[in-house]
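Colleague:
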């Protein structure tokens, strides 16, 4: 049976500290991950457009080992640019973009897995595209969740503090035992 802590108080928004350095190691992970995947998608899209493939052509035109058409090329460029802009902005924007696009890539993989070899396959997906979509989706989700989820988050992490509001803000490195009370609450 799974157990979890239930917070009965009002939900608090996560407050991010401004004193964490901009080049914090968590920020670097999402930025580089989003940038590399975004750069690949832009290059893939540009090569697909240079090949002058029809916009909704479902033929066997391949670029960099992946099947493509004009619509997939334009979509790849748009998503790649958004991920690249997320890399430039960094911080929570990059992390959130990575998680959202990771989920979208996974859902896209499942959708087009069902549409393979049908007339509704308007992005000309083949099995290699589906596998690519799954891999990129998992990578983006991993990059986006890095530093947000896990059992070993440092106690100065804003996500850890948001999940543990009972911890003293003066001493975040010393979490209290469950069920223990703050000395100010004891009469």
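Residue numbers (my numbering): 2 to 188. Yeah, the Cβ is synthetic: ideal placement off N, Cα and C, and Gly gets one too.
1) Quick check: the region 52 to 62 against the region 102 to 112, are at least 3 beta-carbon pairs closer than 8 angstroms?
2) Secondary structure at residue 69, three-state DSSP: helix, strand or coil?
3) With burial defined as no fewer than 16 other Cβ atoms inside 10 Å of the residue's Cβ, what is the status of residue 62: buried or exposed?
4) Is the beta carbon of residue 82 less than 8 angstroms from the beta carbon of residue 36?
5) Please classify residue 23: is it buried, with 16 or more other beta-carbons within 10 angstroms of its beta-carbon, or exposed?
6) Measuring only the C-alpha atoms, how far is residue 125 from residue 58?
7) Judging by CA-CA distance, which residue of 90, 167 and 134 is the nearest neighbour of residue 202?
8) Compute the Euclidean distance between the alpha carbons of residue 91 and residue 65, then round it to the nearest angstrom.
9) Residue 89: buried (16+ other C-beta within 10 angstroms of its C-beta) or exposed?
10) With DSSP run on the structure shown, which of helix, strand or coil describes residue 63?
Modeller: Working from what's here:
1) The region 102 to 112 and the region 52 to 62 do not touch, with fewer than 3 CB-CB distances between them shorter than 8 angstroms.
2) Of the three classes helix, strand and coil, the one that applies to residue 69 here is coil, per DSSP.
3) buried
4) no
5) Interpretation of residue 23 is limited by its pLDDT of 48, a score under 50 that renders its predicted location unreliable; the figure taken from the coordinates is listed afterwards. Looking at its Cβ environment, which holds fewer than 16 other Cβ atoms inside 10 Å, residue 23 is exposed.
6) 7 angstroms
7) Nothing can be reported for residue 202, as the shown portion of the chain is limited to 2 through 188.
8) 28 angstroms
9) So residue 89 ends up on the exposed side.
10) strand
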